[in-house]
Amino acid sequence: MTHASPDAPPVREAVTVQGMSIAYVSDDRYNAVVNDVSFSLQQSDRLAIVGESGSGKTTLAMAVAGLLPSRIAKIDCSAASIAGKNVDMSASAAVIPTRRQGVSMIFQDAMTSLDPVASIGHQFRTVLGSLTSQSRSQIRKEAVQWLDKVGIHEPERVIKLHSYEMSGGMRQRVMIALALCSKPLLLIADEPTSALDASVSRRVMDLILELTAELGTALIIITHDIDLAREYTNKSLVLYHGHVQDFCDTAQFGDENRSPYTRSLLACVPRLNSYDLDALPTLDHNAALTKEA
Amino acid sequence: MNWFKKNMWWLRRIVELPIDIAAFSIIAFFLVRLLPGDPVQLSLASRGEGYTHAQYEAQAESMGLGGSIWHQFANFVKGALVGNLGTSTVSGKPVTQEVLSRLPSTIELVTLGLGAALIFALLLGFLYIRSSNRTLRSAIRTYASFATSIPVFVVAVFSIMLFYVILKWLPAPLGRVSSGTLPVVTGFPILDEMLTGNWAQLGETLVLYILPVGSMMLTYTPNLLTQLIGGLDRELAETTTQFQVAAGVGRKWIYISIFRRSLSSVVVVFGLIFGGLIGGAVTVESLFGFGGIGALAVRSVASVDFPALQGFLILSVAFCMFVFFLVDLVNMWLDPRRRPGVANQED
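Residue numbers (this note's numbering), protein chains in the order written: chain E, 1 to 293; chain Z, 1001 to 1347.
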């Protein structure tokens, strides 16, 4: 959880987003959801996007991953680049949006993310077969290796299964393997562990961290769990109603320079000594509004 | 043993099929006899003279309708087991032969009409998710909204008016050229023309098929299309599709997966319309002068022809059940979760 040490190879930029605003389209009217968000990540960075429900965390992530088609959302972005190359972040006109090159995303519930009617092996084939011109047996071998890598026992047997034949933790691991087998530059994880129980959730987070470090993949974790952000990330972006409240090193999360909203958010995290308090702290929404004004 | 377990889902359905058909045959036998009117009396009355009780009994016996209903039922079961469904009281021909000489041409017409509708619906569905053109997409949606609102004979009459009466592009709707002039191989007119190498006549038949098949296609495409578009819209919004895009699945595979997940209700509606049209194609067939199974059913109801009516019911229901069996198989193949016993494995 330290920054790149001095003797490490020169840090490379993974993704930079400047002045991104997103509005949802409804009946030719626009509802602004994310306003003027900027951030920059290096390949070794792990960013937590923190905020309440409806703060625009997922919308921001979907826009970066290219998953918002223009019939749903309008994206304005003054500049963006991935791995140093300029990227047009505006919404895709196609009905099925086109993937942002080098960006993978995983979701909260693997049950609804994996293809329910195709076997795991087939799903690997649709990813690996589209990227390379490997033969079927080579792809199968690579898929088995990936399943082994994410800690699945008997990968030879699991590759023939469908998602409904596996446990929740296994499904989550398969989803991570599918998202990473294209060796992306950036992995966005949208509440990756909210659907799992505490012990499985911890192991899945460790796995995500280990694999992204191994592949040199930058990581964005969307979460409302401040403790998870503190433990697993080195940078944090705090969103409130689509406005950035703070973009800082996670280590400096608690210091004096943070915005009133962030401090109010941190105060709400229950501590071991919370029972001494007369009342649990609640969010001070005025704190965020003063910043917006 | 393992093979049986794995393939149980379709093996069981094959075993069930004849049982279902047998059960329906028994129902059909009794249902038909609920029809008002006495076929024996009707045929005697048609001779225009009085008749004695003995004559009535003799006539009933010759028509296979003598004795108690249980006696008739026993005879019916004995005959049905060897494929003999009795003799028509009107034409005097064996019912099985009469139905089977008409059923194939109806099946052929319905298959072509609905097959064209299915292909057209799939094509429009593909355009619907492939094209980003808003006008085209809403046009497809509008066409789909015509589902079940326009009857096939309206489309057929209008197309006859336009292409035969006004434009004079297509020949008169006076039936198939080939009827009665070709050796019957399978009973399917187009197939027979191909098998006997009668290419000139095949061409003429195909031209005559344009209007009825076209009318059926235009009428039934929206029925299939609403189901397809509903499924496509649902699956486009699914996390599965988003994850596929985000994981780098190839375009081709994303389209295949979305269609596979959207098709089940299309297949069901296809089967339902197909079954309905085996009896219901009579409107299209009579508009275009084609003989078919529907005409036989209408004739047998009008003349209280018990054996012909029950033969028609049993054979067309048997065919429909076979179609529904295929529908189930296709759906279980498309979505393995539908296979019996699979849902139990979920933990």
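Every residue, glycine too, gets a C-beta built ideally from N, C-alpha and C.
**Request:** Provide the residue(s) that pair with residue 248 of chain E in DSSP beta bridges, ordered along the chain.
**Result:** Here residue 248 of chain E is taken as the residue at index 248 of the first sequence, counted from 1. In the DSSP output, where bridge partners are listed per residue, residue 248 of chain E has E:236.
**Asked** Are the segment 106 to 113 of chain E and the segment 140 to 152 of chain E touching by the rule of at least three beta carbon pairs closer than 8 Å?
**Response** no
**Prompt:** Is the beta carbon of residue 222 of chain E less than 8 Å from the beta carbon of residue 58 of chain E?
**Reply:** Position 222 of the first sequence holds residue 222 of chain E. Position 58 of the first sequence holds residue 58 of chain E. Contact flag set, yes.
**Request:** Could you confirm whether any beta carbon from chain Z is found closer than 8 Å to the beta carbon of residue 54 of chain E?
**Result:** Along the first sequence, one-based indexing puts residue 54 of chain E at 54. Not closer than 8 Å to any Cβ of chain Z, the Cβ of residue 54 of chain E fails to qualify, so no.
**Asked** residue 1233 of chain Z and residue 1088 of chain Z: beta carbons closer than 8 Å?
**Response** As a first step, residue 1233 of chain Z is located in the second sequence; it is residue number 233 there, counting from the start. As a first step, residue 1088 of chain Z is located in the second sequence; it is residue number 88 there, counting from the start. The Cβ atoms of residue 1233 of chain Z and residue 1088 of chain Z lie no closer than 8 Å to each other.
**Prompt:** Name the chain Z residues that come within less than 7 Å of residue 178 of chain E, Cβ to Cβ?
**Reply:** Translated into positions along the first sequence, residue 178 of chain E becomes position 178. Those within 7 Å of residue 178 of chain E in chain Z are 1247.
**Item:** Selected residue, minimal CA-CA separation from residue 164 of chain E, among E:42, E:231, E:53, E:117
**Value:** In the first sequence, the residue the question calls residue 164 of chain E occupies position 164. Taking only the C-alpha atoms, the option nearest residue 164 of chain E is E:117.
**Prompt:** Quick one: which chain E residues come within Cβ less than 7 Å of residue 1336 of chain Z?
**Reply:** Within the second sequence, numbered from 1, the residue matching residue 1336 of chain Z stands at position 336. Those within 7 Å of residue 1336 of chain Z in chain E are 117, 162.
**Prompt:** Can you name the residues that DSSP bridges to residue 190 of chain E?
**Reply:** Position 190 of the first sequence, counted from the start, is the residue given in the question as residue 190 of chain E. BP columns for residue 190 of chain E point to E:222.
**Item:** CA-to-CA distance, residue 1328 of chain Z to residue 126 of chain E, given in whole angstroms
**Value:** Against the first sequence, residue 126 of chain E aligns to sequence position 126. Against the second sequence, residue 1328 of chain Z aligns to sequence position 328. Each residue's Cα considered, the two are about 27 Å apart.
**Asked** Mapping DSSP to helix, strand and coil, what is residue 1176 of chain Z?
**Response** Counted from its first residue, the second sequence places residue 1176 of chain Z at position 176. DSSP places residue 1176 of chain Z in coil when its eight states are reduced to three.
**Request:** Flag residue 1280 of chain Z as yes if its beta-carbon sits less than 8 Å from any beta-carbon of chain E, otherwise no.
**Result:** Residue 1280 of chain Z sits at position 280 when you count from the first residue of the second sequence. The beta carbon of residue 1280 of chain Z sits no closer than 8 Å to any beta carbon of chain E.
**Prompt:** Looking only at C-alpha atoms, which of Z:1030, Z:1031, Z:1062 sits nearest to residue 975 of chain Z?
**Reply:** With chain Z represented from 1001 up to 1347, any question about residue 975 of chain Z goes unanswered, as that position is not in the structure.
**Asked** For residue 1171 of chain Z, does the three-state DSSP call read helix, strand or coil?
**Response** Your numbering for residue 1171 of chain Z matches position 171 in the second sequence. Note: residue 1171 of chain Z maps to coil in three-state DSSP.
**Request:** State the Cα-Cα distance for the pair residue 1345 of chain Z and residue 1007 of chain Z, rounded to the nearest angstrom.
**Result:** Translated into the one-based positions of the second sequence, residue 1345 of chain Z becomes position 345. Translated into the one-based positions of the second sequence, residue 1007 of chain Z becomes position 7. For residue 1345 of chain Z, the predicted model reports a pLDDT of 46, less than 50, meaning its position is unreliable and no value from the coordinates is stated.
**Boundaries (first-last residue) of the alpha helix (DSSP H) holding residue 32 of chain E** = Sequence index remark: in the first sequence, residue 32 of chain E carries index 32 (1-based). Run containing residue 32 of chain E: none in the alpha helix (DSSP H); it sits in the beta strand (DSSP E), 29 to 42.
**Item:** Proximal chain E residues relative to residue 1229 of chain Z, where beta-carbon distance stays under 9 Å
**Value:** Taking the second sequence and counting its residues from 1, the one referred to as residue 1229 of chain Z is at position 229. None at all; the shortest Cβ gap to chain E is about 12 Å.
**Asked** Can you tell which of Z:1301, Z:1272, Z:1237, Z:1281 has the C-alpha that lies nearest to the C-alpha of residue 1320 of chain Z?
**Response** The count along the second sequence starts at 1 and reaches residue 1320 of chain Z at position 320. Considering only alpha carbons, the answer is Z:1272.
**Request:** Pick out the complete alpha helix (DSSP H) segments inside the segment 1293 to 1321 of chain Z, 4 residues or longer, and give them in chain order.
**Result:** 1293 to 1302
**Request:** Give a yes or no on whether the minimum CB-CB distance between residue 1344 of chain Z and chain E is below 8 Å.
**Result:** Here the question's residue 1344 of chain Z lines up with position 344 in the second sequence. Model confidence at residue 1344 of chain Z stands at a pLDDT of 47, short of 50, so the residue's coordinates are unreliable; what they give is reported in the following sentence. Output row for residue 1344 of chain Z: interface = no.
**Item:** Alpha-carbon to alpha-carbon, residue 1286 of chain Z and residue 1164 of chain Z
**Value:** For the purposes of this step, residue 1164 of chain Z is identified with residue 164 of the second sequence, where counting begins at 1. For the purposes of this step, residue 1286 of chain Z is identified with residue 286 of the second sequence, where counting begins at 1. C-alpha separation (whole angstroms): 16 Å.
**Request:** Find the residues of chain A that neighbour residue 105 of chain E, judging by a C-beta separation of less than 9 Å, and give them in chain order.
**Result:** Considering every chain present, this structure includes no chain A. Its protein chains are E and Z.
**Request:** Check the C-beta distance from residue 14 of chain E over to residue 218 of chain E and give it rounded, since I have them as a contact under 8 Å.
**Result:** Translated into the one-based positions of the first sequence, residue 14 of chain E becomes position 14. Translated into the one-based positions of the first sequence, residue 218 of chain E becomes position 218. That belief holds up - the Cβ atoms of residue 14 of chain E and residue 218 of chain E are roughly 4 Å apart, short of 8 Å.
**Request:** Please say whether residue 48 of chain E and residue 250 of chain E have beta carbons closer to each other than 8 Å?
**Result:** The sequence position of residue 250 of chain E within the first sequence is 250, counting from 1. The sequence position of residue 48 of chain E within the first sequence is 48, counting from 1. Cβ distance < 8 Å, so residue 250 of chain E and residue 48 of chain E count as in contact.
**Request:** Enumerate in chain order the residues of its own chain whose CB-to-CB distance from residue 1 of chain E is below 7 Å, with the five nearest sequence positions on each side excluded.
**Result:** One-based indexing of the first sequence puts residue 1 of chain E at position 1. Because the pLDDT at residue 1 of chain E is just 43, under 50, the model does not fix this residue reliably, and the value given afterwards should be weighed accordingly. Only 234 meet the Cβ criterion.
**the segment 1081 to 1099 of chain Z / the segment 1295 to 1310 of chain Z touching (three or more Cβ pairs under 8 Å)** = yes
**Prompt:** How would you write the range of the alpha helix (DSSP H) that residue 1256 of chain Z sits in, first residue to last?
**Reply:** Against the second sequence, residue 1256 of chain Z aligns to sequence position 256. 1251 to 1262 is the span of the alpha helix (DSSP H), which, as asked, contains residue 1256 of chain Z.
**Prompt:** Would the segment 1139 to 1149 of chain Z and the segment 1220 to 1240 of chain Z be scored as touching if the rule is three or more Cβ pairs under 8 Å?
**Reply:** yes
**Asked** Is DSSP giving residue 16 of chain E helix, strand or coil here?
**Response** Taking the first residue of the first sequence as 1, we reach residue 16 of chain E at position 16. For residue 16 of chain E, the secondary structure class from DSSP, reduced to helix, strand or coil, is strand.
**Item:** 7 Å CB neighbourhood of residue 230 of chain E in its chain, flanking five on each side removed
**Value:** For this step, residue 230 of chain E is matched to residue 230 along the first sequence. Excluding positions up to five away in sequence, the list reads 250, 253.
**Prompt:** Per DSSP, residue 227 of chain E forms a beta bridge with which residues?
**Reply:** Along the first sequence, read from residue 1 onward, the residue named residue 227 of chain E stands at position 227. Bridge partners of residue 227 of chain E: none, in fact.
**Request:** Give the residues from the segment 1106 to 1134 of chain Z that approach chain E closer than 9 Å (Cβ to any Cβ), ordered along the chain.
**Result:** 1128, 1129, 1130, 1131, 1132, 1134
**Request:** Determine whether the Cβ of residue 1010 of chain Z lies closer than 8 Å to any Cβ atom of chain E.
**Result:** Residue numbering aside, residue 1010 of chain Z sits at position 10 when the second sequence is read from its first letter. No - not a single Cβ of chain E is within 8 Å of the one on residue 1010 of chain Z.
**Message:** Looking at chain E, is there any beta carbon in it that lies within less than 8 Å of the beta carbon of residue 1257 of chain Z?
**Reply:** Numbered from its first residue, the second sequence carries residue 1257 of chain Z at position 257. True, the Cβ-Cβ gap to chain E drops below 8 Å.
**Message:** Judging by CA-CA distance, which residue of E:187, E:88, E:199, E:191 is the nearest neighbour of residue 210 of chain E?
**Reply:** Looking up residue 210 of chain E in the first sequence gives position 210. Checking every option, the nearest Cα to that of residue 210 of chain E belongs to E:187.
**Asked** Is it buried or exposed for residue 66 of chain E, if we count other Cβ within 10 angstroms and need 16 for buried?
**Response** Here the question's residue 66 of chain E lines up with position 66 in the first sequence. Buried, because 16 or more other Cβ atoms sit within 10 Å of the Cβ of residue 66 of chain E.
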